[in-house]
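These notes concern the structure reproduced below.
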Amino acid sequence: MPCVADWLNNPFSIVQGIFAQNVSNSDWEKKVTEYFREKLKENNATNWVPSLNDVPVHYLKPNSLVKFRCMVQDMFDPEFYMGVYETVDPNTNGRVLHFGKYRDVAECGPQQEIDLNSSQTVTSERQTFYCVPVPGESAWVKEISFFLTELVLCYTDSYISASQARVSPSTSYTPSRHKRSYEEDEDMDLHPSKQKEQHMGNTVLTDNSSGGDIHGCGEPKRLETEASAGHHLISLNCSPPLDLNFPLPGEKGPACLVKVYESWDSFKVNDVLEVYGILSVDPVLSIVNNEERDSSTLDPMESMDTAEEQRVHSPPASLVPRIHVILAQKLQHINPLLPACLNEEESKTCEYLNLTSLHVLVSNFMSELSPVRAELLGFLTHALLGDSLAAEYLILHLISTVYARRDVLPLGKFTVNLSGCPRNSIFTEHIYHIIQQLVPASYRLQMTIENMNHSRFIPHKDYAANRLVSGVLQLASNTSLVVDETQLEQGQLDPTGVHNVTALGNLITWQKVDYDFSYHQMEFPCNINVLITSEGRSLLPSDCQVHLQPQINPPNMEEYMNSLLTAVLPSVLNKFRIYLSLLRLLDYSISDEVTKAVEDDFVEMRKNDPESITADDLHRTLLVARFLSLSAGQTTLSRERWLRAKQLEALRKARLQQQKCVNGNEL
859 MPCVADWLNN PFSIVQGIFA QNVSNSDWEK KVTEYFREKL KENNATNWVP
909 SLNDVPVHYL KPNSLVKFRC MVQDMFDPEF YMGVYETVDP NTNGRVLHFG
959 KYRDVAECGP QQEIDLNSSQ TVTSERQTFY CVPVPGESAW VKEISFFLTE
1009 LVLCYTDSYI SASQARVSPS TSYTPSRHKR SYEEDEDMDL HPSKQKEQHM
1059 GNTVLTDNSS GGDIHGCGEP KRLETEASAG HHLISLNCSP PLDLNFPLPG
1109 EKGPACLVKV YESWDSFKVN DVLEVYGILS VDPVLSIVNN EERDSSTLDP
1159 MESMDTAEEQ RVHSPPASLV PRIHVILAQK LQHINPLLPA CLNEEESKTC
1209 EYLNLTSLHV LVSNFMSELS PVRAELLGFL THALLGDSLA AEYLILHLIS
1259 TVYARRDVLP LGKFTVNLSG CPRNSIFTEH IYHIIQQLVP ASYRLQMTIE
1309 NMNHSRFIPH KDYAANRLVS GVLQLASNTS LVVDETQLEQ GQLDPTGVHN
1359 VTALGNLITW QKVDYDFSYH QMEFPCNINV LITSEGRSLL PSDCQVHLQP
1409 QINPPNMEEY MNSLLTAVLP SVLNKFRIYL SLLRLLDYSI SDEVTKAVED
1459 DFVEMRKNDP ESITADDLHR TLLVARFLSL SAGQTTLSRE RWLRAKQLEA
1509 LRKARLQQQK CVNGNEL
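Numbering-wise (the numbering used here), the sequence shown opens with residue 859 and increments by one.
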């Protein structure tokens, strides 16, 4: 039986063995997938696989099994490749079949050549996703993911074997490879002869083009996956640095070309995936791409790609590695403290989830829910300067999620406007920092005139490069977006600023972003938790305004806020994180009996106060009741929770009315 080192360090040996045993039929592909699926279901096996999120690519062994937690930022056109190809030895006329799946480079033995016109050649199709790390992913997610991997490896008998794929620098690179800077990578791409002398071996890029019976392995040949026969001339010395197209400014981490072979229709832009596949960083990819860019002898009329498109779609493998996916799973969440799939339906489709302890884990935590909620409420009350009502609403906001859509109306969104925040204070910055410690992904958008007028909020299509250029609002589901309106000062919004504010309002109201495709707009639904901090009532729409009423006034705000996080034990902080992630995934329902009672209660409320009680009030109170129930671990609405929701709403509205009386036109 293959050991850990085989399927981790050399997955091609596993694929080759299965291919050789089943070469006469197409079942070999299913058997490869099934083999790795079963391997990853073994106890803690997923933690044996090195992650591109944790380990720099230059420390990973080429052609080893890796995993990557990412968001689909863009989808490129499908490409064709040689799924099976045949090589021939000109001296003996001996023929050998090879698989091209999971490869960028087709390999053949010494003295062998590829027969492009062989009747055994099988042309297949694959989809390429451009994937980036989850935008705004919290540092604690990365730290815990890495810690769990290290912990499992340390207590695994196969630690030495499993860790080889993670910490051994590639032997196919020069010793200075793992220290080369971005500029040096660019220099190697500008002067591919430096690499060609080292890496020109018996390899050829997989090709399904016709144009000759035999193709030798001595020279790399262009992969015919992007339907291009030639490219326009481009001066690399004048080309700008490669933009990795991260949605948020200041983001770091690897961008990858993820090549999917099965069920790619089930994935879409902005989905969060965890992929397990074979890492491809072959320097030959950069050599071939550079040669094509430099080629000026090809007929421009035959070229399907522009030089810019070629540059974007085939970046240097050292900067944008390729992952050939064996297994891929759409993630409900990215909290490493919880299993990847939690609800029953999703668990059935999880590729590599071990369900043995799933229900036990959830049940055990649900039994401890009440004290965890009480601790979290106390923690947030202190963070909000002693305001327990605002802390209650903040908990409800943090567990809210869009659970359904009725026509164009997103159900379950709960955007909160926390007004009464000190202007130009570090208070809002620290509130965001606390939220960042609780949720897996977040971003603080400082709503200044400068940012509104100059930031790119809306993703747009670049037709010259044939790619989707990202924007700040291209975020993964369940990201917490904190809009800091206390930074807003007097000034003039230009057309870009107006467009950005409109887009932000549409995201809040409809939970959608209209991507700009120049000739038309395309709606992309989203599920973003938006918290607006402001001095007065926000200029942006919201589902609920809560006016902050501080009960304490710390002499040193920064010291006070920092001491809050310092005082919380890491184990308690982890309980908060599990609590908030778990509750937003629970199902919820209202019985017919309670529905009738709520309707009767609303009619009575309208009778008593017909002017101030509206349908919007009923909708909001039902939302508050929903999240109150879930926050207590209850998946159905009870009479008690309904009354508590009415009480919270009455307190909130009374506070707003009081503020209106104080400030006149405050509301």
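No residue lacks a Cβ here, since even glycine has one placed at the ideal position from N, Cα and C. Remember, predicted model here, so these are calculated numbers, not experimental data.
The three-state reading of DSSP puts R1302 in strand, counting E and B together. Within the segment 1325-1378, complete beta strand (DSSP E) segments of at least 3 residues are found at 1325-1327, 1338-1342 and 1370-1374, given in chain order. The alpha-carbon of L1234 is positioned some 6 Å away from that of F1434. Among the bridge pairs identified by DSSP, Y1134 is matched with K925 and L1185.
Judged by their CB atoms, A1512 and W1500 are not nearer to each other than the 7 Å cut-off.
One thing to note: K1188 has its Cβ no nearer than 7 Å to the Cβ of L1115. In this structure, the straight-line span from the alpha carbon of W906 to that of N1324 is close to 37 Å. One alpha carbon belongs to H1182, the other to Q985, and they sit about 10 Å apart. Put simply, the segment 1385-1397 does not touch the segment 1347-1356. Fewer than three CB pairs are less than 8 Å apart. Look at the beta carbons and you see the segment 863-879 touching the segment 948-967: at least three pairs across the two are nearer than 8 Å. Comparing alpha carbon positions, the residue from P1141, S1376 and V930 closest to F1125 is V930. Annotation for L1506: L1247, E1250, Y1251, V1482 and L1486 place their beta carbon closer than 8 Å to its own, counting only its chain and skipping 5 residues before and after. The shortest C-alpha to C-alpha distance from P1268 to any of I1366, P1099 and A1299 is the one to I1366. The residue from V881, H1240 and L1398 with its alpha-carbon nearest to that of V942 is V881. Judged by beta-carbon spacing, A1299 lies within the 7 Å limit of G994, meaning their Cβ atoms are closer than that value.
Put simply, the backbone Cα of Q1304 is about 25 Å away from that of Q1517. Per DSSP, R1264 is not a residue of any alpha helix (DSSP H); the beta strand (DSSP E) it occupies stretches across A1262 to R1264. Per DSSP, reduced to three states, the secondary structure at D1475 is helical. Q1403 carries a strand assignment under DSSP once its states are collapsed to helix, strand and coil. As the crow flies, the alpha-carbon of I1284 is around 44 Å from that of L1137. Here H1405 is buried. Its C-beta has 16 or more other C-beta atoms within 10 Å. Closest in C-alpha terms to N1358, from the list M1380, L1331, Q1379 and F1375, comes L1331. Beta-bridge partners assigned by DSSP to P1383: K1370. For N1275, the beta-bridge partners assigned by DSSP are I1390 and Q1403. When beta bridges are read from the DSSP output, D932 appears opposite Y988. In the structure shown, D864 adopts helical secondary structure according to DSSP, grouped into three states.
With the rule of 3 Cβ pairs closer than 8 Å, the segment 1404-1422 counts as touching the segment 1272-1291. It is roughly 14 Å from the alpha-carbon of V1118 to the alpha-carbon of C928.
The distance from the Cβ of L1339 to that of G1363 is about 13 Å, inconsistent with a contact at the 8 Å cut-off. Within its own chain, the residues whose Cβ lies closer than 6 Å to the Cβ of V1341, once the five positions on either side in sequence are excluded, are L1303, M1305 and I1390, listed in chain order. Taking 3 residues as the minimum length, the segment 864-912 contains no beta strand (DSSP E) run wholly inside it. Beta bridge pairing from DSSP links S982 with Y939. Sorting L898, Y893, S1489 and R895 by C-alpha distance to the C-alpha of F1223 places S1489 at the top.
Per DSSP, the continuous beta strand (DSSP E) segment holding E965 begins and ends at V963 to E965. Annotated as proximal: L1227 and G1491, with beta-carbon spacing under 7 Å. Taking each of P991, I1471 and N1193 in turn and checking the Cα distance to S1003, the smallest one comes out for N1193.
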